[in-house]
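**Q** Residue numbers (the working numbering): 22 to 365.
All residues carry an ideal CB built from backbone N, CA and C; glycine is no exception.
Quantities reported herein were computed from a predicted structural model and do not represent experimental measurements.
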């Protein structure tokens, strides 16, 4: 794969900076939730180490290997998190809990903060995700039932596709070479597929999405892309390749495996050119870039509210093996996101 152009590199770095700014409030939200849940107190009361499972925030508690089970992280308080100890009657002169709690009060009013706190305290685990717990419906049900929200979501995804695909098709178009037909799964109103079809006129491109999304697709006379109303959890139209841009991070592991199994059924064997092209975040794909890694982790926290996740390579590999795939490659070339090629 050829090196990325300087222009594209600058654009992707700018995107990382903007996403980091967008999600920076989540650090404050996470700290507010940790204070409300008394996580520092819980670790303190369990002794030096504890195997309880709070969110592993690097700034508060550091995961260590457990001697009894190396696969189960344990936690101890850092210097910073010791300043958060302050249960009833235990606030010491070294505690910053009252001060920080006051300063973070405005973040407690956010839906995300209230949803996370309620979710952690919910009696049934796994229960509804934080978004559903707060709103009574899933984010997808809200999008489907509210025309304004639906339009805003579709416009957002189309804008992201326009931004990203111009870079992909300029610098990494070889990932589409040899593909005669492609289906963009959950491709919305066709932002990515229309760009691919324009770059490869001989490729038959289609978009699979839910009926209420396809209802807002472009006029068929204006594009060669075919729009198919359907459900990726049921079946996916046959094609040489399946394209999944920013889709799998929306879903739990079990649902991702279901989607990937349906993708596998839709494509021919690798020898006949079958493959899945995934564009998504691989957490830690460039661990030397601390700003990028921080942004990826904050994106993961954002996806938690809808029962999704950003995944590292080992977590992706687990999904691929669970869906019956044999091989994959990861190219961390799109800033926050990577290009993953997956083969049956």
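(1) Please determine, among 228, 245, 271, 242, the residue with the shortest C-alpha to C-alpha distance to residue 256.
(2) Given a cut-off of 8 Å on the beta-carbon distance, is the pair residue 357 and residue 36 in contact?
(3) Going by the CB atoms, is the gap between residue 223 and residue 205 shorter than 8 Å?
(4) Examine the Cβ distances between the stretch 169-176 and the stretch 273-286 and report whether three or more of them are shorter than 8 Å.
(5) For residue 186, which residues from the same chain have a beta carbon less than 6 Å from its beta carbon, with the 5 sequence-adjacent residues on both sides left out?
(6) What did DSSP end up calling residue 240 once you bin it into helix, strand or coil?
(7) In three-state DSSP terms, what is residue 151?
(8) What are the boundary residues of the beta strand (DSSP E) that includes residue 280?
(9) Looking at the structure shown, is residue 191 part of a helix, part of a strand, or coil, going by DSSP?
(10) Between which two residues does the alpha helix (DSSP H) harbouring residue 255 extend?
(11) Taking only runs of the alpha helix (DSSP H) that begin and end inside the stretch 170-222, which ones reach a length of at least 4 residues, in chain order?
(12) Could you round the C-beta distance between residue 323 and residue 47 to whole angstroms and report it? I think they count as a contact, below 8 Å.
(13) Which of the three DSSP states is assigned to residue 48 in this structure?
(14) Alpha carbon to alpha carbon, how far is residue 359 from residue 190? Give it in angstroms, no decimals.
(15) What is the DSSP secondary structure of residue 310, counted as helix, strand or coil?
(16) If you follow the alpha helix (DSSP H) that residue 5 is in, where does it begin and where does it stop?
(17) Using 8 Å as the Cβ pair cut-off and three pairs as the minimum, do the stretch 149-157 and the stretch 339-351 touch?
(18) How about residue 196 and residue 355: are their beta carbons less than 8 Å apart?
(19) Round the Cβ separation of residue 288 and residue 330 to the nearest angstrom and send it over; I've been treating them as touching at under 8 Å.
(20) Out of curiosity, what's the CA-to-CA distance linking residue 352 and residue 361?
(21) From which residue to which residue does the beta strand (DSSP E) around residue 231 run?
(22) In this structure, does DSSP put residue 167 in helix, strand or coil?
(23) Please report the residue range of the alpha helix (DSSP H) in which residue 62 lies.
(24) Please look up how many angstroms separate the CB atoms of residue 200 and residue 294, rounded, as I've assumed it's under 8 Å.
(25) Where do the N-terminal and C-terminal ends of the alpha helix (DSSP H) with residue 338 fall, by residue?
(26) Kindly list the residues whose CB is nearer than 7 Å to the CB of residue 44, restricted to its own chain and excluding five residues on each side of it in sequence; keep chain order.
(27) List the endpoints of the continuous beta strand (DSSP E) containing residue 115.
(28) Buried or exposed: where does residue 252 fall if 16 or more other Cβ atoms within 10 Å of its Cβ makes it buried?
(29) Across which residues does DSSP place residue 13 in a beta bridge pair?
(30) In or out: residue 101 buried (at least 16 other Cβ within 10 Å) or exposed?
(31) Run through the DSSP bridge pairs and tell me what residue 247 is partnered with.
(32) For the beta strand (DSSP E) that residue 350 lies in, which residues bound it at each end?
**A** Well, looking at it:
(1) 228
(2) yes
(3) no
(4) no
(5) 213, 216
(6) coil
(7) helix
(8) Run containing residue 280: none in the beta strand (DSSP E); it sits in the alpha helix (DSSP H), 274-287.
(9) helix
(10) Element bounds for residue 255: n/a, residue is neither H nor E.
(11) 212-220
(12) 7 Å
(13) helix
(14) 14 Å
(15) coil
(16) As displayed, the chain neither begins before 22 nor continues past 365, which places residue 5 out of reach and without an answer.
(17) no
(18) no
(19) Actually they do not touch by this definition, with Cβ atoms about 25 Å apart.
(20) 6 Å
(21) Element bounds for residue 231: n/a, residue is neither H nor E.
(22) coil
(23) 60-66
(24) 7 Å
(25) 334-343
(26) 316, 319, 320, 323
(27) Counting along the chain, residue 115 falls outside any beta strand (DSSP E), and DSSP gives it neither H nor E.
(28) exposed
(29) The question about residue 13 has no answer, for the chain in this structure spans 22 to 365.
(30) exposed
(31) 227
(32) 348-355
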